[in-house]
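Numbers 1 to 271, taken from the working numbering, label the letters of the sequence shown in order.
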Amino acid sequence: MRTFWKTTDVPLVSHAEWRERIEKKNRQQGTSAPTLAAAWAGPVEVIGALGRLPQLAGFVLEQIVVERESHFDAYGGPRNHDLVARGRLADGDRVVVCIEAKAGEEFGQTVEQYGRAAQGKRDRDERTKAPERLRELLSKYVPHHDPTDERVRLMRYQLLSALAGTEVEAAVAEAAHAVLMVHELRTDQRPEDKTATHLADLGRFVTTVFDCELPSMDAMPWCFELPAPASMTARLYLAWAVTDLRATTLQPKWTGSSSRERVRRADVGRG
Numbered sequence: 001m002r003t004f005w006k007t008t009d010v011p012l013v014s015h016a017e018w019r020e021r022i023e024k025k026n027r028q029q030g031t032s033a034p035t036l037a038a039a040w041a042g043p044v045e046v047i048g049a050l051g052r053l054p055q056l057a058g059f060v061l062e063q064i065v066v067e068r069e070s071h072f073d074a075y076g077g078p079r080n081h082d083l084v085a086r087g088r089l090a091d092g093d094r095v096v097v098c099i100e101a102k103a104g105e106e107f108g109q110t111v112e113q114y115g116r117a118a119q120g121k122r123d124r125d126e127r128t129k130a131p132e133r134l135r136e137l138l139s140k141y142v143p144h145h146d147p148t149d150e151r152v153r154l155m156r157y158q159l160l161s162a163l164a165g166t167e168v169e170a171a172v173a174e175a176a177h178a179v180l181m182v183h184e185l186r187t188d189q190r191p192e193d194k195t196a197t198h199l200a201d202l203g204r205f206v207t208t209v210f211d212c213e214l215p216s217m218d219a220m221p222w223c224f225e226l227p228a229p230a231s232m233t234a235r236l237y238l239a240w241a242v243t244d245l246r247a248t249t250l251q252p253k254w255t256g257s258s259s260r261e262r263v264r265r266a267d268v269g270r271g
């Protein structure tokens with residue numbers, strides 16, 4: 001599945017491209033054109049990100065499950081994905097995309113903070129298996145680093161659990177390809193750009209767990225392949241998309257008319 005603008009000769013790979021192509025007279029927030037773009041942004045971003053890679057091009061979306069719960073160990077509560085999308089490629093290979101949505105939120109506790117909180121519960125005689133859960137996740141995904149290393153301690157626990165959940169979903173779906181995708185949303189209620197912070201967290205996660213670097217930020221959305229953990233049979237990918245839903249991004253960069261008209265108005269004002 002691919003998306004296009006007006007004809008099948010013009011690919012449309014992101015919500016940002018869609019909004020940029022809307023005529024200025026149709027850009028008022030809440031009207032049909034930008035609202036339609038917002039309503040369809042998710043599928044466009046997912047398909048656009050996966051389409052960056054030849055092996056995932058042609059992805060056909062078949063099913064989505066919102067707030068999907070993945071049980072990745074025997075220690076109690078499941079891992080909640082914001083959304084899990086399932087589909088197929090032209091050759092029949094199954095694909096699962098586990099999406100983490102962020103609208104101004106951080107990735108949560110670091111591994112060190114999670115570990116301290118877990119041990120605090122244990123010290124207060126509260127029932128918890130969090131220390132065991134963390135220990136197993138680190139042993140499984142970061143066996144080549146000491147848990148006390150700074151890069152491990154500062155890694156976000158949520159990304160580790162998201163990886164574990166993605167592995168489970170790939171196994172359940174018998175998928176040949178598994179994508180962990182971070183979908184960042186900017187809204188008028190939460191307009192602050194957290195891209196730099198989130199990318200720093202993702203960069204630490206990728207270098208620590210997979211010993212590789214994030215791709216160039218020149219093309220958005222993006223998707224690239226990671227070396228899958230030994231426990232995974234599916235090929236593993238990380239994807240990233242930013243959907244800007246703020247009213248200000250719909251406004252022309254200059255609200256006046258031509259430069260000649262702006263000079264004329266300034267002269268009138270001085271007179």
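All C-beta atoms in this analysis are idealised placements derived from N, C-alpha and C, irrespective of residue type, glycine included. Predicted model only: the values in this text are computed from it and were never measured.
With 16 other Cβ atoms within 10 Å as the buried cut-off, status of residue i
i	result
histidine 144	exposed
arginine 68	buried
glutamate 100	buried
arginine 21	exposed
threonine 35	exposed
glutamate 174	exposed
cysteine 223	buried
glycine 120	exposed
arginine 135	exposed
methionine 181	buried
tryptophan 254	The predicted model places tryptophan 254 with a pLDDT of 44, which falls under 50 and marks its position as unreliable, so this point remains unresolved.
Cα-Cα separation, residue i to residue j
i	j	result
alanine 230	proline 78	22 Å
proline 131	glutamine 251	50 Å
glutamine 109	alanine 57	35 Å
histidine 183	arginine 124	37 Å
threonine 148	leucine 245	40 Å
glutamate 17	valine 66	26 Å
arginine 133	aspartate 73	7 Å
alanine 38	threonine 197	24 Å
phenylalanine 4	alanine 200	32 Å
lysine 194	glutamate 106	8 Å
lysine 25	threonine 7	21 Å
alanine 176	leucine 238	15 Å
histidine 71	glycine 51	29 Å
threonine 233	glutamate 23	46 Å
Opening and closing residue of the alpha helix (DSSP H) in which residue i lies
i	result
proline 34	32-39
threonine 197	195-210
valine 152	150-153
Range covered by the beta strand (DSSP E) that runs through residue i
i	result
leucine 159	Note, leucine 159: premise wrong, no beta strand (DSSP E); alpha helix (DSSP H) at 157-173.
phenylalanine 224	222-226
lysine 24	Counting along the chain, lysine 24 falls outside any beta strand (DSSP E), and DSSP gives it neither H nor E.
glutamine 272	A query on residue 272 cannot be resolved here, the shown segment of the chain reaching from 1 to 271 and no further.
glutamate 136	First-last for glutamate 136: 130-141, but that is the alpha helix (DSSP H), not the beta strand (DSSP E).
Presumed contact (8 Å Cβ cut-off) between residue i and residue j, rounded CB distance
i	j	result
arginine 186	valine 242	7 Å
threonine 208	valine 142	6 Å
methionine 155	valine 60	Incorrect: roughly 34 Å between the Cβ atoms, too far for contact.
alanine 103	arginine 190	5 Å
Are there three or more Cβ pairs, one per stretch, closer than 8 Å when the stretch 79-86 is compared with the stretch 160-176?
yes
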